[in-house]
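One structure is given here, and the rest of the page talks about it.
There are 2 protein chains.
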Amino acid sequence: MRLSQLGEFGLLAELERHGLAERIENDVAELPGGRVATQDTLVEGVHFRLGWTSWRDLGFKAAAVNLSDLAAAGATPEGLLVSLGTPGDTELEDVLELYEGMRETGAPVIGGDTARAPVVHLSVTALGRSDRVPGRGGARPGDVLVVTGPLGASAAGYHALRAGIETPLVRAHRRPPIRLAEGRELAPRAHAMLDLSDGLAPDAARLAERSGCRVAIDAGSVPVADGVAEVAERLGLAALELACGFGEDYELLAAVAEPGRFTPVGCCEHGSGAEIRLEGRLVEFAGWDHFR
Amino acid sequence: MRLSQLGEFGLLAELERHGLAERIENDVAELPGGRVATQDTLVEGVHFRLGWTSWRDLGFKAAAVNLSDLAAAGATPEGLLVSLGTPGDTELEDVLELYEGMRETGAPVIGGDTARAPVVHLSVTALGRSDRVPGRGGARPGDVLVVTGPLGASAAGYHALRAGIETPLVRAHRRPPIRLAEGRELAPRAHAMLDLSDGLAPDAARLAERSGCRVAIDAGSVPVADGVAEVAERLGLAALELACGFGEDYELLAAVAEPGRFTPVGCCEHGSGAEIRLEGRLVEFAGWDHFR
Chain F
144 MRLSQLGEFG LLAELERHGL AERIENDVAE LPGGRVATQD TLVEGVHFRL
194 GWTSWRDLGF KAAAVNLSDL AAAGATPEGL LVSLGTPGDT ELEDVLELYE
244 GMRETGAPVI GGDTARAPVV HLSVTALGRS DRVPGRGGAR PGDVLVVTGP
294 LGASAAGYHA LRAGIETPLV RAHRRPPIRL AEGRELAPRA HAMLDLSDGL
344 APDAARLAER SGCRVAIDAG SVPVADGVAE VAERLGLAAL ELACGFGEDY
394 ELLAAVAEPG RFTPVGCCEH GSGAEIRLEG RLVEFAGWDH FR
Chain L
144 MRLSQLGEFG LLAELERHGL AERIENDVAE LPGGRVATQD TLVEGVHFRL
194 GWTSWRDLGF KAAAVNLSDL AAAGATPEGL LVSLGTPGDT ELEDVLELYE
244 GMRETGAPVI GGDTARAPVV HLSVTALGRS DRVPGRGGAR PGDVLVVTGP
294 LGASAAGYHA LRAGIETPLV RAHRRPPIRL AEGRELAPRA HAMLDLSDGL
344 APDAARLAER SGCRVAIDAG SVPVADGVAE VAERLGLAAL ELACGFGEDY
394 ELLAAVAEPG RFTPVGCCEH GSGAEIRLEG RLVEFAGWDH FR
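Just so you know, the protein sequences line up as chains F and L, in that order.
Residue numbers for the first sequence follow the working numbering, beginning at 144 and rising by one.
Residue numbers for the second sequence follow the working numbering, beginning at 144 and rising by one.
What follows is the structure in structure tokens.
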């Protein structure tokens, strides 16, 4: 079977089924002594287009998406390992901008590699420490689901870029939030936690599957970022689809006994699967797959 | 300036000069508590060709070159993070072979990422622990330089592949040694240590520069792997050039007070630079640069 038919998550499941990779779909790998590590790759033409972003923003985002995985693990970052593949005619100045963008996240680059490649690709490993990694499998019936901030700005920015619409939300797509403080605050009491990289709907479904419970999202309580409704209207899209179905928000989603200062968006129940209801009506959203 | 003019090591130097990356040219990044981490990328068409290797061998080598960096740090591996970029028409069976090849190194895959990409690229992070990382900067005048095994087999295998010559040395190019035990044995007493990835000549020059001393290699004492002379003769090349100038041997080079059970190939002196002498005559070899 070809990977394009199998999809990204199908491939990860096959690797795990054959015992060739352990917990590769988790946000972080855990090592003894509270050490955590995570690695993500961004490929030109798949995850980004250089015409739509600057080298500096690309550097920031490549570092940020990995730091976001550390945030979901309640971790404090210690450093980044960065491997850059790029064509030989790339200008040094552009590469320096890229690394400056990474530095703007506050995490130092402590190792890595560079090589010539036909298109730009960036593999970033983030290393850190966490006293307690909530993981994705501990949510239980009765838990409240909370998010750490409003959703949809990245999706609105992305679609605006595609449509040539000018909006400050483009910045949210290029410079996602890094919820390290929120992650450390939630980690000691969260039964499960992840960062919203693929979209509230598919990410909540993943949390439900891992935890062996059902997740019910109340779409009416999902906080939608300022300006998303206007962009959605100009694009002929639903604001809620941008907030629930696209991903790249990089806010944290946590299952907790009490919401505290965070925004509740739903709850965990007995059963399986995930549903999003708007005024009682069931809604469905697609996720994001990097092989399709 | 373009990266093709600057070269791989020029780029790393520029990143360090601008304070954008720390010690990125070292074999490993060191973290508190004896933790070490290293990351390398292999790109199709630059580091390997799929017609010349199997997916299984590619997996083995991608893991091995990173484990070799851990060996040079005297470390014990704990796990690998693997990011795979590959075209959508790649067969699942090939990807499973790739991960099986990685598993044959003995190090488990504990995390990572997959994505679609125009050509295959593999970024592997190896995590481990070391009681003492010798580094590259501690060699001193009077030290003996030793290697952990014979050189040139990988170069002979590579050139034989290019020339369509059949030889068992091709295996040495596809399946480099992983000198973890030797690395742990040498690390407590080595003043400097690295793995021979770019070639004895350029790698010794790097050790000399970092240590602020001069390195003199006696080409006559360099152990040349079995079969290299025959392949070199068929190719019209010097066996010594294959053993000193090509790289990818992945044996360790260490500066020590006493050679012990390892093979001495030269010594450290006052001064700077590196020289290789054969029967008193100075010889020069080119290194390997992944941007040129």
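Yeah, the Cβ is synthetic: ideal placement off N, Cα and C, and Gly gets one too.
Extent of the continuous alpha helix (DSSP H) to which residue i belongs
i	result
F:D346	343-354
L:V438	Examination of residue 438 of chain L is not possible in this model, given that chain L is present from 144 through 435 alone.
L:E325	323-329
L:A299	296-306
L:R255	At residue 255 of chain L the sequence reads Gly, which differs from the Arg that was named. Unbroken run through L:G255 is the beta strand (DSSP E), 252-259; no alpha helix (DSSP H).
F:V313	313-317
L:G153	151-160
Closer than 8 Å to chain F by CB, residue i
i	result
L:D200	no
L:H334	no
L:V276	no
L:R246	yes
L:G430	Low confidence applies here, because L:G430 scores a pLDDT of 48, under 50, leaving its location unreliable and the question unanswered by this model.
L:S297	no
L:L323	no
L:G228	yes
L:L235	yes
Partners in chain L for residue i, counting only beta-carbon separations shorter than 9 Å
i	result
F:Y242	L158, H161, L163, A164
Residue closest to residue i, alpha-carbon to alpha-carbon, out of the options
i	options	result
L:G217	L:A333, L:L146, L:E373, L:K204	L:A333
F:V374	F:R305, F:A397, F:R322	F:R305
L:R327	L:R349, L:P319, L:E309, L:T291	L:T291
L:H190	F:F203, F:A260, F:A269, F:V358	F:A260
L:S197	L:G177, L:L223, L:H316	L:H316
F:D274	F:R322, F:L329, F:T233	F:L329
F:R246	F:E234, F:L210, F:D256	F:L210
F:R353	F:A386, F:A398, F:V179	F:A398
L:T181	L:G194, L:T219, L:S297	L:T219
L:T406	L:G363, L:H413, L:E422	L:G363
L:Q436	F:T233, F:G271, F:L425	Residue coverage of chain L in this structure runs from 144 to 435, which leaves residue 436 of chain L outside it and unanswerable.
L:A386	L:A335, L:V426, L:C356, L:G194	L:V426
L:P320	L:P293, L:T310, L:D346	L:P293
F:G423	F:A400, F:R377, F:C411, F:D361	F:D361
L:L223	L:G271, L:E394, L:E173	L:G271
L:L323	L:A381, L:D256, L:L396	L:L396
Start-to-end residues for the beta strand (DSSP E) that takes in residue i
i	result
F:L425	424-426
F:A206	Element bounds for F:A206: not the beta strand (DSSP E) but the alpha helix (DSSP H), 198-215.
L:S266	264-272
F:R420	417-421
F:L380	Element bounds for F:L380: n/a, residue is neither H nor E.
F:G228	219-229
L:A362	No beta strand (DSSP E) contains L:A362, which DSSP labels as neither H nor E.
F:L288	287-290
F:A172	172-174
L:V408	406-412
L:D183	178-186
L:L395	395-399
L:M336	335-338
Within-8 Å CB hit, residue i to chain L
i	result
F:R145	yes
F:P220	no
F:D232	yes
F:V238	yes
F:H190	yes
F:G342	no
F:D266	Reading off the sequence, residue 266 of chain F comes out as Ser, not Asp. It does: the Cβ of F:S266 has a partner Cβ on chain L nearer than 8 Å.
F:G416	no
Contacts that residue i makes with chain L (C-beta to C-beta distance below 7 Å)
i	result
F:D256	Q182, D183, T184
F:D263	Residue identity check: residue 263 of chain F is Val in the sequence provided, not Asp. Under the 7 Å cutoff, chain L gives no residues; its nearest Cβ is about 11 Å from F:V263.
F:A172	G222, L224, I253, G254
Contacts that residue i makes with chain F (C-beta to C-beta distance below 7 Å)
i	result
L:P251	E165
L:R178	R178
L:L155	T257
Within chain L, partners of residue i - CB distance below 8 Å
i	result
F:L383	Chain L residues near F:L383: none, gap ~28 Å exceeds 8 Å.
Beta-carbon neighbours of residue i, restricted to chain F and to distances below 9 Å
i	result
L:R327	Going along chain F, no residue has its Cβ under 9 Å from L:R327, so there is no contact; the nearest lies around 18 Å.
Chain-ordered neighbours of residue i on chain F, where CB pairs are closer than 8 Å
i	result
L:A269	Those do not exist, as L:A269 stays about 10 Å from chain F at its closest Cβ, beyond 8 Å.
L:E151	T257, A258
For the region 277-285 of chain L against the region 227-247 of chain L, are there 3 or more C-beta pairs whose distance is under 8 Å? no
Quick check: the region 368-386 of chain L against the region 407-418 of chain L, are there 3 or more CB pairs under 8 Å? Because the criterion of three Cβ pairs below 8 Å is not met, the region 368-386 of chain L and the region 407-418 of chain L do not touch.
Three or more C-beta pairs below 8 Å linking the region 154-172 of chain F and the region 196-210 of chain F: no
Would you call the region 253-270 of chain L and the region 177-196 of chain F touching, i.e. three or more CB-CB distances under 8 Å? Segments in contact, yes.
Report yes or no: do three or more beta-carbon pairs, one from the region 385-392 of chain F and one from the region 337-355 of chain F, lie closer than 8 Å? yes
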